[in-house]
Amino acid sequence: MRHRTLTSAALSRRGFITVTAGGLLVAGCGGGQGPGGGSEEGVGGFTGEAYDGPALTLAYWNGFTGGDGPSMQALVKSFVSEHDNIDVENNTVEWLDFYQRLPAAAQAGKGPDVGVMHLDQLATNAARSVIVPLDDLAEALELSEDDFAESVWGPGIYQDERYGIPLDVHTLAMYYNPDHFERAGISEPPTDAASLDEACRALQAAGFDTPMWMPNLWPAHLMFLSLLWQFGGEPYAEDGSSATYDDEAGVQALTWMREQVDKGYSPENVDIDAQYVAFKNGQNSITWDGIWQILDLEDSGARYGIAPIPVIGDEQAAWANSHNFFMTSQAAEDEDRANAAKTFIGWMSDQSAAWADAGMIPARNSEREKAQFTDSPQASLGDQIDALHFLPPVPGLGDVQVQTLEVGVSEGVLGRRSPEEALSNQASDATELMEQNLERFGG
Amino acid sequence: MLFGGFVLLPIVLGLWISLHHWDYTLPRRPFVGLDNYRNLLEPGSVAFEPFWNAMEATGIFTLFSVPLLIVVPLVVAMVMNEKFPGRNFFRAVYFAPYVLGVAVVGVMWRFLLDRNIGAVNSYLGALGLPDAVAWLSSLPAAWVALVGVTVWWTLGFNAVIYLAGLQDIPTELYDAARIDGAGRWSIIWNVTLPGLRPVTMFVTIVTLIASANMFGQSFIMTDGAPAQQTRTAIFYIAETGLQNFQMGQAAAASWILTAALMLLSLVVFGVFRARGAMDVS
C-alpha cells in the first residue's frame, strides 16, 4: 500500500501526461452543443498532453470555505509550482452564493475558467450553458465508469454528455459522543432502528435527557432523503417530470423523524445548527451530519465517534453528493485556456487521495485504497459507497427542492402538519414547478 | 441623465421584465403578457400561496413594528432631551446598535434566542420564567423576536431624528405654556407633539417603508421558519429572482409590493394632513 502511494506521487510530479500517455484518443467530438450552442470551439480534441502554450492565469472558483479550504489551497499551490506556464487565481465563494453568482458572472463574461461544483448542480448549469462537456478530458484521463461507483458516475451526465469530473463523494454520517456511550454502557454504535432506539433509551437512563436532537432545517432534508431511499422510495422521477416523495416510503421516513421528538429523544423546535453546536458542547449524544464536519470536530478538540447512519428502513442507503470539476463555456472559447483548464482538472483529479485530508471520500475506487484515505476518520464510510444515492441530473431541481421538500420536512418535524399532509402538499407543488422547469430549460 | 439612468430606466425595465419568463441565464425569454401577475393574483396557482404568505408576513411585521418604532424612540428622545448626568453616554448607548450591520445583529440574536442553547432562554429559566420558548421557530414567538430585535436595532435612528425635532421647538412656546399654567402632560400634548408633527410624519413613512422592506432579519435569524411563515415579501422576491432565476415573476411581485406601499404612503400622508388641517382651523 505504502509503495503504491509513493509511485503515484512520483508519477504525478512529472505531470499526469505520463500516466495517461497510453490513452491518447483524439476525441474530436467538439460538436456537442448544449442548448446555448455556438460558443464551444476549443471544446473537444483535448489529447491529455499538459498545456504547453504561452503563460496564462486561470480563474478558479470553488466554495471550500470550511475546514476543506486550506487543503484545496495546498493542492492549488503544488499545481502552480509544477506548471511554469499556468498560474491559478483562486476565488472562494460560499456555496450558498456560489450558485447565484456563477451564472450571473458567466453571463457577464466575468466568470471563472474552471471550478468545482456539486454533482446535483451540473445539469442546471449545463442547461444554462454556463459549463461545457468534458468527455474528451474524461477519455484522455482514462476515467471510466469502472473506476467509479456507478451512483456518482451517472448523474454527471446530462443529455448524453459528461459535464463534471468527480473529485470526491460526501455523505451523511452518524456522529456520537464516545464518553456518553461509555457512561450509558453502549459498546457498539447502533446500526439499525432497534439498536438506535435502545441506545437512546440507555442514554436517557444514564442522565442524557435528550440524546438525539432532530433538526427541522439543514440537514433535515438530507436525513429525510436518506431515510426515503432506505424505505425503498425515490424522491423524483428520473426524467424530472414529477416529485414522488409523498409515497409510503416518504411518509415512513418523515414519521420516523417526528417520532424521535415525540419519544422525547429530541427537544421540540431545534433551531438552525443547534443540534450540531449542542453536539460539540456535549449536550447531544448522537447527531447525523455531513462528513464535511469532521475537520471542524477535529479542530474543536471534541471527542467524537463516526459511523454510517443506521438502517432505519429496509436497506442500507444514504444521501450523498460529490464535488465535481467543471470548465466554463467562457474558457472553451479560447483553445489555450481550455487546454490549460483541462490540464488543471486532470492533475487535480489525480490527487484526490490527498483530498481525503479535507474530510472527503475520494470518488475513484483506486484512490480509496490509498493510505491517505484508509487512515482517515471517514474511512469507515468507504464501504458504504455502493449504498449512496445522488439526486438525478435534472436542471433546476435544487431550487425546486429548497421551496418544497425542505419546507415539507420542516413542517413535519415541527409537528405543524402530519407527515402525509406536509409531503403531499409540497410534492404536488414541486411537480408543477418541475413541469415548468422542463419547459423553461427546453426539456 | 442621472434620473434617467438610475430611476427611470430600472422602472421601465422592471415593468418590461415582469411581462416575460425572464431567466437571464437562458437565451430564451418568452413574452408571456400578464401571466406573471395572473400567477401571483390567482388563487390555486403554485406561486399564489407562497407570495401572499410572504405579503402577509410583511404585513404582520409592519403592523407591529411601526407603532413601536414610532412611540418607543419618541419616549427615548424625550428622556434624552432632559438634562441629567451621563446624558451623552446614554444617547450613545441607544444609538449604538444602529451602527451594526444586519448580519451582525442577525447572527448575534440567532444565537442568543436559540430555543435550546440560547442565552435568553437560559436567563429566563434562571429567573423562574418559562425557558422553552422557540423564539426562532414557532409563532407568535418568532414575530416577537423579529419585531423586538428590529426595535432594539433601529430605535436609535428614529430617536436621533426626534431629538433633533425636539430641539427645534422654540423654548418660548414652553415658557408661554407654563405661564398659562399648563401641567407636564398638557405641555407634551399641546406643545411637544404638534411641534413634532412634520418629524413624526417623516419618521412614520421612513419606518413604514423600512419595515415593509424587511428581509435580513428573517433571512438570517429564522430563515423563514417555521415553514415559510416568517418569509417576507422581499425575501420571497430575492429568492424567486436571484436564487431561482425567475426574474419575471420576481419583477411582477415587486410591482405588486410597490403598488401596495404607494397606497399605504398615501393613506399616511392623508391622515397627517387631515390632522394638520384640523389643528389650524
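Residue numbers (the numbering used here), protein chains in the order written: chain A, 3 to 445; chain B, -18 to 262.
Glycine included, C-beta positions come from ideal geometry on N, C-alpha and C.
Predicted model, so just to flag it, every value in this text is computed and none were measured.
- Using a Cβ-Cβ cut-off of 9 Å, Pro105 of chain A counts as an interface residue toward chain B, since at least one Cβ of chain B sits closer than that to its own.
- Chain-order list of chain A residues neighbouring Ser119 of chain B: Asn271, by C-beta distance under 7 Å.
- Distance between Pro157 of chain A and Met(-18) of chain B, taken at the CA atoms: about 50 Å.
- Legend: CB atoms of the stretch 391 to 403 of chain A lying less than 7 Å from CB atoms of chain B belong to residues Asp401.
- Flagged as an interface residue toward chain A: Ala113 of chain B, by a C-beta distance shorter than 9 Å.
- The beta carbon of Glu184 of chain A is closer than 8 Å to none in its chain, skipping five residues each way along the sequence.
- Here the stretch 245 to 254 of chain A makes no contact with the stretch 170 to 184 of chain A; the two share fewer than three CB pairs at distances below 8 Å.
- Taking C-beta separations shorter than 6 Å and ignoring five residues to either side along the sequence, the partners of Ala126 of chain B in its chain run Leu94 and Trp116, following chain order.
- In this structure, Leu124 of chain A keeps its C-beta atom at 9 Å or more from the C-beta atom of Asn439 of chain A.
- Tyr155 of chain B: member of the alpha helix (DSSP H) spanning Thr152 to Ile160, first to last residue.
- For Asn323 of chain A, the uninterrupted beta strand (DSSP E) run begins and ends at Ala320 to Asn323, by DSSP.
- With its beta carbon less than 9 Å from one in chain B, Arg418 of chain A belongs to the interface.
- Taken through DSSP and simplified to helix, strand or coil, Arg305 of chain A comes out as coil.
- By the Cβ criterion, the stretch 342 to 359 of chain A is in contact with the stretch 72 to 81 of chain A, since at least three pairs of Cβ atoms, one from each stretch, lie closer than 8 Å.
- For chain B, none of the residues of the stretch 288 to 314 of chain A brings a beta carbon within less than 8 Å of one of its beta carbons.
- A direct Cα-Cα distance of roughly 6 Å separates Gln227 of chain B from Thr221 of chain B.
- Within 10 angstroms of the beta-carbon of Asp138 of chain A lie 16 or more other beta-carbons, which makes it buried.
- Under the three-pair Cβ rule at 8 Å, the stretch 386 to 398 of chain A does not count as touching the stretch 195 to 208 of chain A.
- For Ser235 of chain B, the number of other beta carbons within 10 angstroms of its own is at least 16, and it is reported as buried.
- Neighbourhood of Gln198 of chain B in chain A, by CB distance below 9 Å: empty, with the nearest CB roughly 14 Å away.
- Of A:Asp316, A:Asn341 and A:Asn286, the smallest CA-CA separation from Phe210 of chain A is found for A:Asn286.
- Residues of the same chain with a CB within less than 6 Å of the CB of Gln230 of chain B, apart from the 5 flanking positions on each side, are Asn17 and Thr221 in chain order.
- Listed along chain A, the residues sitting closer than 7 Å to Asn225 of chain B by beta-carbon distance are Asp401.
- Scanning chain B for C-beta atoms nearer than 8 Å to the C-beta of Glu413 of chain A yields Pro207 and Ala208, reported in chain order.
- In chain order, Thr59 and Ala61 place their CB closer than 6 Å to the CB of Glu91 of chain A, counting only its own chain and leaving out the 5 sequence neighbours on each side.
- Along the stretch 251 to 271 of chain A, the positions whose C-beta sits under 8 Å from a C-beta of chain B are Pro269, Glu270 and Asn271, read in chain order.
- At the C-beta level, Tyr101 of chain A and Phe328 of chain A stay beyond 9 Å of one another.
- Counting every other CB atom within 10 Å of its CB across the protein chains shown gives Ile288 of chain A a total of 16 or more, marking it as buried.
- Counting C-beta pairs with one atom in each stretch, the stretch -12 to 3 of chain B and the stretch 173 to 185 of chain B have fewer than three that are closer than 8 Å, which means they do not touch.
- At a cut-off of 9 Å between beta carbons, Ala429 of chain A makes no contact with chain B.
- Not flagged as an interface residue toward chain B: Ser243 of chain A, since no C-beta distance is shorter than 9 Å.
- No Cβ of chain A is located within less than 9 Å of the beta carbon of Arg72 of chain B.
- Ile150 of chain B and Phe42 of chain B have their C-alpha atoms roughly 32 Å apart.
- Within the same chain, Phe42, Phe45, Ser46 and Leu49 come within 7 Å of Val128 of chain B by CB-CB distance, once the 5 residues on both sides are set aside.
- Annotation for Val279 of chain A: the continuous alpha helix (DSSP H) segment containing it runs Ala276 to Lys282.
- For Thr188 of chain B, the secondary structure class from DSSP, reduced to helix, strand or coil, is helix.
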